[in-house]
Amino acid sequence: MKTRFWLIVILCFSIQISNVNAVPAISHEDKEAKNIARAATIGEPATPHMWQKMSVNKEKLFSHSHQFSVLHNFIRSKRDCEVHHVMETVVWYCPIHHHTKSNTYHLETTHSEKHD
C-alpha cells in the first residue's frame, strides 16, 4: 500500500517537472514592439514619448509647529519651532502626443530653531 502511494507521488512529481518550460529571454526591441502593438489595440499612441522638461518649481511649505524646552541661565523656558518642507515639482511635456506629466520630490525638512 505504501509503495503504491509513493509511486503515485513520484509519477505526479515527474509530470509537473516535465510541464515546466523554459521561457526564452525577450530582447528590448521585442518588448518595445509588443508594447506598441498593445498600445495600438487600446487606442494609445504607437510612437514612444519624447519627454522634455518644461518647468521646475521649488516651494517651501509650512507643515506644523511644536514647542521645545531650552535651559538658559538655569531657567527652563519653551520656544516655538516651525517646520517647513522644501518641495520640488518638475513638469514634463511630450510634443509628439501633447501629453504632460509631473513629478513631485521632497528635498528637505527645515526647522526654524536648532534643538534636539
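Here the numbering used here = 1-based position in the sequence shown + 3. For every residue, glycine included, the Cβ atom is placed at its ideal position computed from N, Cα and C.
Opening and closing residue of the beta strand (DSSP E) in which residue 81 lies: 78 to 97
If you run the structure through DSSP and keep just helix, strand and coil, what is residue 117? coil
Starting from residue 75, trace the beta strand (DSSP E) both ways and give me its first and last residue. 55 to 75
Decide if the segment 67 to 86 is in contact with the segment 99 to 111; the criterion is three or more beta carbon pairs, one per stretch, under 8 angstroms apart. no
Nearest CA to the CA of residue 86: which residue from 107, 67, 106 and 62? 67
C-alpha distance - residue 92 paired with residue 53, whole-angstrom precision: 19 angstroms
Separation of residue 94 from residue 116, as counted between CA atoms: 33 angstroms
Which one of 57, 58, 33 and 118 has the shortest CA to CA distance from residue 82? 118
When you compare each of 33, 58, 59 and 63 to residue 89 by their alpha carbons, which one comes out closest? 63
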